[in-house]
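Taking numbering that gives the first Met the number 0, the leading residue of the sequence shown gets 0, the next gets one more, and so forth.
No residue lacks a Cβ here, since even glycine has one placed at the ideal position from N, Cα and C.
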Amino acid sequence: MAAEEADVVVIGMGPGGENAAGRLAEAGLEVVAVEARLVGGECPYWGCVPTKMMIRAADLLAEGRRIPGMSGDSTVTADWTQVAKRIREEATDSWDDRAAAERFARTGGRLVRGYGRITAPGEVTVDGRVLRARRGILINTGTEPNVPPIDGLAGTPFWTNREAVEAEAAPGSLVVLGGGAIGTEMAQAFARFRTQVTVVEARDRLLAVEEPEACDLLHEVFEREGVTVHTGARATAVHHDDAHGFTVDLDGGEQVHGEALLVAIGRRTRLRDLGVGAVGLDEDARFIETDEWMRAADGVWAIGDVTGKGAFTHVSMYQADVAVRDILGQGGPPADYRAVPRVTFTDPEVGAVGLTEAQARERGINVRTGMTRIPASSRGWIHGRGNEGFIKLVQDADRGVLVGATSAGPNGGEVLSALAVAVHGEVPAERLRYMIYAYPTFHRAIQSAVEDLYS
Numbered sequence: 000m001a002a003e004e005a006d007v008v009v010i011g012m013g014p015g016g017e018n019a020a021g022r023l024a025e026a027g028l029e030v031v032a033v034e035a036r037l038v039g040g041e042c043p044y045w046g047c048v049p050t051k052m053m054i055r056a057a058d059l060l061a062e063g064r065r066i067p068g069m070s071g072d073s074t075v076t077a078d079w080t081q082v083a084k085r086i087r088e089e090a091t092d093s094w095d096d097r098a099a100a101e102r103f104a105r106t107g108g109r110l111v112r113g114y115g116r117i118t119a120p121g122e123v124t125v126d127g128r129v130l131r132a133r134r135g136i137l138i139n140t141g142t143e144p145n146v147p148p149i150d151g152l153a154g155t156p157f158w159t160n161r162e163a164v165e166a167e168a169a170p171g172s173l174v175v176l177g178g179g180a181i182g183t184e185m186a187q188a189f190a191r192f193r194t195q196v197t198v199v200e201a202r203d204r205l206l207a208v209e210e211p212e213a214c215d216l217l218h219e220v221f222e223r224e225g226v227t228v229h230t231g232a233r234a235t236a237v238h239h240d241d242a243h244g245f246t247v248d249l250d251g252g253e254q255v256h257g258e259a260l261l262v263a264i265g266r267r268t269r270l271r272d273l274g275v276g277a278v279g280l281d282e283d284a285r286f287i288e289t290d291e292w293m294r295a296a297d298g299v300w301a302i303g304d305v306t307g308k309g310a311f312t313h314v315s316m317y318q319a320d321v322a323v324r325d326i327l328g329q330g331g332p333p334a335d336y337r338a339v340p341r342v343t344f345t346d347p348e349v350g351a352v353g354l355t356e357a358q359a360r361e362r363g364i365n366v367r368t369g370m371t372r373i374p375a376s377s378r379g380w381i382h383g384r385g386n387e388g389f390i391k392l393v394q395d396a397d398r399g400v401l402v403g404a405t406s407a408g409p410n411g412g413e414v415l416s417a418l419a420v421a422v423h424g425e426v427p428a429e430r431l432r433y434m435i436y437a438y439p440t441f442h443r444a445i446q447s448a449v450e451d452l453y454s
C-alpha cells in the first residue's frame, strides 16, 4: 500500500490536538488527524465537562440542604437518573463524536480512525496504513487512568473516571482509591447523592500537591458531610463478589467496603506503544520533554498531558497555540509555565496558581506569605452557610511579587483569575495593596491577604 502524504500528521485529537489540527488545516496545510477513541478526547466525554455536570448537580443538592436557618425550610430528594440523562443527552451524545468529527472535516482536515504509531521520522502507521508528514508530526495522545498492580484488582468491575461518568445510578456505597482532584471531586459528588463514600489516600493528606491549609479544609468538610477519609493508607488487596461488592485491605490492617470501587490514583502515558523511539525519544520516560516551542525532536511537536506540564485542558490548548504558531512560522511568545492555574471543583473550590509555599522554599526563594479567611470577609459573612475558605499568597520577598496563590472557597476558581494575572504579570504586591476592589465581593478578600503580607 502506497504511503499517504500530508503536511502534518496529528496523533491524538484531544482538545489541544483537535484545536491544532483544525487551525493548521484552516491555514491551508494538508492535515491528517489520527484518533483511536473519540474526537475531543477525555475532556468532553469522561473528564472536564460531564464531571462538572455531576458536581453542579451535587452542589445544588448541598445548597438545598443549606436553606434551613437561612431562607426557610427544605426537603431535598436526590435523583441520579437526571444527572445521567443530562450527561448523555447534553454533554456526550451518548459518547458519539460525529459532531466533532464533522466539525474537523469542515476545516479541510482528514480523520483516520485507529491507533497511530511513529514508525520512522516523519512517518506514522495506523493499522498498516502509512502516513507521511512533510512538515512534521504533532503528538497529543494524552494519558489514561493508572491502574496499580494491587493484588486481586485485575479482573474486577472497578471504576475509573470513565465508568463513574457513565454510571446510570449512584451506588449505595463507594470506595475511592486516591485523594487527588479526581478522587475528591467524585467522592463528594456521589456522597451528596447519599452514597456512603470512603476515600483512601496513600499520602498524608488529601490534595497533597496543594497547600496544607487547603487539604485540612477539605478533610474537615468531608468529615462533616459523612465522607470517611483514610490518609497515610495504602490498599494491599482487593476482594470482590457480586453479592457483597468490594472489600479493600489496607496496609494498617483495616478493611473498607463498598458496592463500587473507583480507582483514581493518577494517570500514565504509553510512550513505547506510541513508538517515540523511532524519532530518538526515550520510550521508557514518563513524559515527552519539549522545548519552549513544544518541539520534542526534529519535525516532532508534543502538547497536552503527554508533556507532563499539567493534565489540564487549558494547558493543552495553550500549548496547541504555541505549537501551531511555531509550525506556521508566526512567532509570538514561547511557552511559559510560571502561572499555570488549576482548580479542584470540590465545595469549597480549591483554586491555585504558580508555586505553593513549600515549592517556593524548595527553590530557595525568600518567602513571605499572607492569608485571610473567607468567613472573615464581608461577602463571606453575608454568604453564611457554605462559606468555608481562605486566600493564601506566596511572595518572593526579594522581588516583591507573588509567585503563587491559593483561593479556596465559594467560587474559588473564579476568584483565582485575578491572582493568576498577578502571578503571570509579576504585578508588584504593593500595587495590589493599593488598588480598588469591588465591595462586597469574594475577591475583595485578596486585599486582606495582601495586607497580611506586610503585617
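When DSSP reads this structure, Ser172 sits in a beta bridge with Gln195.
Per the coordinates, the alpha-carbon of Thr194 lies some 10 Å from the alpha-carbon of Ala168.
Ala186 is the residue among Glu219, Val123, Ala186 and Ile264 whose C-alpha sits nearest the C-alpha of Thr50. Relative to Pro211, the option among Leu415, Tyr453 and Lys391 whose CA is nearest is Lys391. Annotation: Gly412 to Leu205 spans about 18 Å, alpha carbon to alpha carbon. Residue pairing from DSSP places Gly353 in a beta bridge opposite Gly403. Look at Ala421 here: in three-state DSSP terms it is helix. For Trp94, the closest C-alpha among the options Arg64, Val123 and Val38 is that of Val38. As the crow flies, the alpha-carbon of Phe389 is around 17 Å from that of Leu431. Closest in alpha carbon position to Leu28, among Gly63, Val125, Arg85 and Gly135, is Gly135.
Collapsing the DSSP output to three states places Asp320 in a helix. For Ile390, the enclosing beta strand (DSSP E) starts and ends at Phe389 to Asp395. The three-state secondary structure of Gln81, taken from DSSP, is helix. Nearest to Gly403 by alpha-carbon distance, out of Thr235, Glu209, Ala242 and Glu253, is Glu209. Excluding five sequence positions before and after Asn365, the CB atoms of its chain that fall closer than 7 Å to its own CB belong to Asp395, Ala396 and Asp397, given in chain order.
Within the region 6-76, the runs of alpha helix (DSSP H) at least 4 residues long that lie entirely inside it are, in chain order, 14-25, 41-45 and 47-64. Spatial neighbours of Arg367 in its own chain (CB-CB distance under 6 Å, excluding positions within 5 residues in sequence) are listed in chain order as Gln394, Ala396 and Leu452.
DSSP places Trp158 outside any beta strand (DSSP E), giving it a letter other than H or E. Counting every other CB atom within 10 Å of its CB across the protein chains shown gives Glu200 a total of 16 or more, marking it as buried. In the three-state scheme derived from DSSP, where H, G and I count as helix and E and B as strand, Ile302 is classed as coil. With a beta-carbon spacing of about 6 Å, Ile117 and Leu273 fall inside the 8 Å limit used to define contacts. Counting the other Cβ atoms within 10 Å of the Cβ of Ala99 gives 16 or more, which makes it buried.
For Val449, the enclosing alpha helix (DSSP H) has its first and last residue at Ala444 to Leu452. Val247 sits away from Leu261, with the two beta carbons spaced by 9 Å or more. With fewer than 16 other beta carbons inside 10 angstroms of its own, Val420 counts as exposed. In this chain, the alpha helix (DSSP H) harbouring Glu212 covers Pro211 to Arg223. Remark: C-beta atoms of Gly298 and Gly121 approach each other more closely than 9 Å. With fewer than 16 other Cβ atoms inside 10 Å of its own Cβ, Ala119 counts as exposed. Scanning its chain for C-beta atoms nearer than 8 Å, with the 5 sequence neighbours on each side dropped, one finds around Glu25 the residues Thr106 and Gly107, in chain order. Taking a 10 Å sphere around the C-beta of His442, we find 16 or more other C-beta atoms and assign the residue as buried. If you draw a straight line from the Cα of Arg360 to the Cα of Leu354, it is about 9 Å long. In the displayed model, Leu260 falls within a strand according to three-state DSSP. A distance below 6 Å between beta-carbons, with the five flanking residues on each side excluded, links Ser172 to the following residues of its chain, in chain order: Gln195, Gly257 and Glu258. Bounds of the alpha helix (DSSP H) holding Thr183 are Ala180 to Ala190.
His229 carries a strand assignment under DSSP once its states are collapsed to helix, strand and coil.
With 16 or more other Cβ atoms inside 10 Å of its own Cβ, Ser376 counts as buried.
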